[in-house]
Amino acid sequence: MTLVRLGAIAITIFLAAPLLVVVPMSFSTAPSLQFPPPGLWVGFYAKFFADPNWTGPLVNSIIIGIATAVLTMAVAVPASFALVRHRFPGRSAFNLLLMTPLIVPHIVMALGYYVYFGELRLLQSYLGVVLAHTCFSIPVAMLIITAALKGFDLSLERAAMSLGARPLTVFRLVTMPILAPAFVIAGLFAFVHSFDETVVSLFISGRDVATLPRQMFNSFRMEADPVISVASSLLFAAALAGVLVPAAVRSVRRTLDRRNSPLAS
Amino acid sequence: MTMSRKPRIKTGPILLGLPAGLFLLAFFLVPLGYVTVLSFSDPSWGIANYRELFNSRLFLMTLGNTFWMAAVVTGLSLLLAYPLAYVAATSKGTLGKTILMIVALSFWTSYLVRTYAWMVILGVQGPIPALVALFGHSPPPRLLFTSFAATLGMTHGLIPFMTMALFAVMKRIDPKLMDAAGSLGARPWRVFWHIYLPLSAPGIINGITLVFITCLGFYVMPVLLGSPREQTIAGLIGDRMEQILDFGGAAAMSLVLLAASLGLFSVYSRYFGMDRLWGGRI
C-alpha cells in the first residue's frame, strides 16, 4: 500500500515537474533554451506586449474564443434539451452526430476546412475559424449540459406551471437559474477548447487572423523567438488560476459554512 | 385552448435539435465529405491515390510507426495513470486531493506549453542532457527531435486524460467489497487482482480507447518534438498539404486515419455503447 502511494507521489512529480520550468524560462536573460536560466529579468514580457506579432494573435484568440463559446451555447443548449427530455426517431443518430467531432482527428478536419472554406471564401477570416472551433466545442459543451439536465428535478418546473407560469417564464425563473452554473462551465470549456485549438487554426487562420497557438507553433518551428516563453507562461498561469481559484473558493466557503453553522459553536 | 387534436408529430425536439444538427451538417459533415471526394478525384478520378499510398514504403512505415507509437503511449500512460487514479480514488487525505489538483493543472495546460517545457528539458542546453553528460556520456546524446521525445511528451500529455477516465470509474467502486474480501482472509494482491482490477476494467477500456484514438491523430507533439524521419500519419498529412500541395494524397491518408479512428470507436460502441466512453454522462 505504501509502495503504491510512493509510486503515485513519484508519478505526480513527473507530471508536475516539467511544467515548473516554464515560468522561470520567461524571466531568463538568455535568448536560447538554457535551463536553469543564467540570469533573470522581465525583458521578454516587455517584448511580448510590444510586439503586434504576439499581441495580435492573443487578441484574435480571445475574440474567436468568445464568439465560439456564444455560438456553441446557442446550438448546444437546445440540442441538450432535445436529447435529455425527448424521445424521438433518429435520437441515437443525432447523438452520434453531436459526439463524432471528438473522434475525428483535427488534421483531417483541417484539410476539409482548407478546401471547403477556400470555396466559401472563409479562409483567413474570423468567421471560418469560429465555425470550425464551434464544431469541436459542441460535444464538449453537450457533455456538461446534458449531465446537468439529467440531474434536474422536473417537479420544480411542474410546480411553477401548476401555479400558472407560462413556459418561457418557467424557463427564465426556474430552469435557467438552476442550470446557470452548468451553462457557465460549458461556455468556459467551449472558450478554452477554442483558445487551445492548434491544428485547424494553423491551416485556416492564415496571417490575418492568426491565433496564439498558431503563432506559438510557428515560432517553435523557427526555433527563433525566445518570447515564446512568455506566451507559454501566460497560458500556464491561466491554467493555474483556473485550477487554484475554484479550489480556494471552495475551501473558503467550507470554512465559512463551518463557522456559521449552529453546530460549530 | 382551441387547438384541434391531430395525430401529433413531435415538433418540439425537432425544433430544439435542428440548429445543432444543421450546423454540424454544414460545417462538419460537408467538409468531411470534401475530404472523401478529394481522395478519389484529385488530381484525377479513381483510386490512384490509394494505390499509390499502399505501394509507398514511406506511407506504410509511417502507418506502422503511428500505430506502434500510439500503442506504446497508451500502454505507458495506463501503467502510470493507474496507481495515480487508484490513490486519488481510495485515499481521503491531502495526497488524493493533491494528485487530482496536479492532474487537473496538467490537463488544463495547453499541449503547446507542455511541448515547450519538453523542448527546454530535453534541449541541448537543458537539464536532462546535462545530467547525462555528468555521468560521463559525452557528447550528450541527442534527445530532442527523436521518437523518444515525442513518446515521452505524448505520454506525459495524456496521463491526465487516462487518469480521469480511470478515476471516474474507480470512485464508484465500493471499498466495502475489498474490506469484505480482506476479512475473509484474501491477501491484498488477491483482493486487488480478483476484485478491484475487474471492477475498474470499464475505466481501463475507456481510457485506452480514448488515448489510443487521440494518439493516432495527434499532430502537435509528434511534429514539434519528434523526428522528421520517423513521422506519424498526421504529420505526413500536414506535409502533403503544406509542402507539396498534394491534396488528393493528403485526403487519401486522411481517410485511412479517419477509418482507423472511427473503426476503433465503432468497435467500442458495439460492445459498450458510445455514451459510456466519456463517463456515461448522456
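Those protein sequence lines, which keep their order, are chains A and B.
For reference, each letter of the first sequence is one residue, going 0 to 264 in numbering that gives the first Met the number 0.
For reference, each letter of the second sequence is one residue, going 0 to 281 in numbering that gives the first Met the number 0.
Idealized CB from N, CA, C, for every residue including glycine.
| query | What residues from the region 204 to 218 of chain A come within 9 angstroms of chain B, judged by C-beta to C-beta, listed N to C? | reply | Leu211, Pro212, Met215, Phe216
| field | Burial state of B:Arg228, where buried means 16 or more other Cβ atoms lie within 10 Å | value | exposed
| field | Test: A:Asn59 CB closer than 7 angstroms to a CB of chain B | value | no
| field | For A:Phe194, the nearest candidate out of A:Ser60, A:Phe48, A:Leu95 (CA to CA) | value | A:Ser60
| said: Let me check understanding here. Comparing Cα to Cα, which of B:Leu151, B:Met240, B:Arg189, B:Gly181 lies closest to A:Phe13? | reply: B:Leu151
| Residues sharing a beta bridge with A:Ser27, DSSP | A:Leu39
| message | Contact criterion: CB-CB distance below 7 angstroms. Does A:Pro37 meet it with respect to chain B? | response | no
| query | Using 7 angstroms as the limit for Cβ to Cβ distance, is A:Asp152 near chain B? | reply | no
| Nearest-angstrom Cα separation, counted from A:Asp50 out to A:Gln123 | 21 angstroms
| query | Alpha carbon to alpha carbon, how far is A:Val128 from A:Pro212? | reply | 13 angstroms
| message | Quick check on the DSSP output: what are the complete alpha helix (DSSP H) runs of length 4 or more inside the region 189 to 277 of chain B, in order along the chain? | response | 196 to 215, 219 to 224, 232 to 238, 246 to 271
| said: Measuring straight from C-alpha to C-alpha, what distance separates B:Phe53 and B:Gly63? | reply: 12 angstroms
| request: Compare the beta carbon distance of B:Phe211 and B:Ala69 with 7 angstroms and say whether it is the shorter of the two. | output: yes
| field | 6 angstroms CB neighbourhood of B:Leu121 in its chain, flanking five on each side removed | value | Ile127, Leu142, Leu143, Ala148
| request: Identify the contact partners of B:Leu62 in chain A, using a Cβ-Cβ distance below 8 angstroms as the criterion. | output: Under the 8 angstroms cutoff, chain A gives no residues; its nearest Cβ is about 14 angstroms from B:Leu62.
| task | Pick helix, strand or coil for A:Asp256, following the three-state DSSP scheme. | result | helix
| query | So is B:Met2 in contact with chain A if we call contact Cβ pairs under 7 angstroms? | reply | Caution applies to B:Met2, whose pLDDT of 49 falls short of 50 and renders its modelled position unreliable; the value that the coordinates give is listed next. So no, B:Met2 is outside the interface.
| field | CB of B:Ser109 within 7 angstroms of CB of A:Leu234, strictly | value | yes
| Looking at the structure shown, is B:Leu94 part of a helix, part of a strand, or coil, going by DSSP? | helix
| With 7 angstroms set as the bound, which would you pick, yes or no: does the beta-carbon of B:Ala185 sit closer than that to a beta-carbon of chain A? | no
| field | Coil, strand or helix - B:Glu51 by DSSP | value | helix
| said: Rounding to the nearest angstrom, what Cα-Cα distance links A:Ala140 and A:Ala185 in this structure? | reply: 5 angstroms
| message | Give me the residue from A:Leu239, A:Pro245, A:Leu130 with the minimum Cα distance to B:Leu21. | response | A:Leu130
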